[in-house]
Amino acid sequence: ELKVEQNPLFLSMQEGKNYTIYCNYSTTSDRLYWYRQDPGKSLESLFVLLSNGAVKQEGRLMASLDTKARLSTLHITAAVHDLSATYFCAVDTGEESGNTPLVFGKGTRLSVIA
Amino acid sequence: DAGITQSPRYKITETGRQVTLMCHQTWSHSYMFWYRQDLGHGLRLIYYSAAADITDKGEVPDGYVVSRSKTENFPLTLESATRSQTSVYFCASSDIAPWVYNEQFFGPGTRLTVL
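Order-wise, the sequence lines are chains B and E. The numbering used here puts the first residue of the first sequence at 49, with every later residue one more than the last. The numbering used here puts the first residue of the second sequence at 105, with every later residue one more than the last.
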């Protein structure tokens, strides 16, 4: 059974600081997805990582994937208040034998304070 | 409107009543999914569908029924609502077969309260 663990689950950080959110998963996969959710809102796709070593960046966020370590990171650079949200990673096993819905981590609630 | 919509957005019901949550997408995506979101649990898959008339159970299917007679619609029914089904329900869809690429697009959610 695929398990996805994120840490930390809660993160309070000061504006201008850097930090990393970690996403570990338990079985082989080379496809990982990051989503953002604002309070009371839906989930918005941030990054799709489809191979070992994949790195994607948008603004102050950078995501990477290490399939051998079964680890993805979401790095925040010089945080600003607008980044306050909950961030989810999700993994699928990519099996060709059948459908493999995404398994989500529990989310990291990020609060950026002045 | 283009995209994926859910209705109602908010629903209050009583224990034992039947409730149906609607999901409609205009992209002609093959795959559709229902999740529930609860504090401390993240998102958990209830049911999903690969195409019209093809559905499969997810992690937490008990107490729920789905159907998919048309590609664009994927209703979720709580046959006899219980307080433990109080949650936020999200519908999602994806275009390409999951074993190739599985970016899912989410609807706005339905907040359901069972009294």
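Every residue gets a Cβ at the ideal spot worked out from N, C-alpha and C, and that includes glycine. These numbers come from a predicted model, not from an experiment.
Asked, Found
"Range of the contiguous beta strand (DSSP E) that encloses B/R118", "Unbroken run through B/R118: none, as it is neither H nor E."
"Inter-residue Cα distance where the pair is B/R108 and E/D166", "41 Å"
"Contact under 8 Å by Cβ, B/L98 with E/F194", "no"
"Local conformation of E/S134 per DSSP, three classes", "coil"
"Cα-Cα separation, E/F209 to E/V218", "27 Å"
"Sequence-distant residues of the same chain with beta carbon closer than 6 Å to B/K51, five excluded per side", "S74"
"Beta-carbon separation (whole angstroms), E/L147 vs B/F152, contact threshold 8 Å", "4 Å"
"N-terminal and C-terminal residue of the beta strand (DSSP E) that B/F84 is part of", "With the sequence shown as reference, residue 84 of chain B is identified as Arg, and Phe is not the correct amino acid for it. R79 to Q85 is the span of the beta strand (DSSP E), which, as asked, contains B/R84."
"Counted within 10 angstroms of its Cβ, other Cβ atoms place E/R121 as buried (16 or more) or exposed", "exposed"
"Three-state secondary structure (DSSP) of B/H129", "helix"
"Classification of E/S191 by the beta-carbon crowding that lies within 10 angstroms, buried from 16 upward", "buried"
"Beta-carbon proximity of E/G107 to E/T130, cut-off 8 Å", "yes"
"Option nearest E/N177 by Cα separation, candidates E/L143, E/Y152 and E/S188", "E/Y152"
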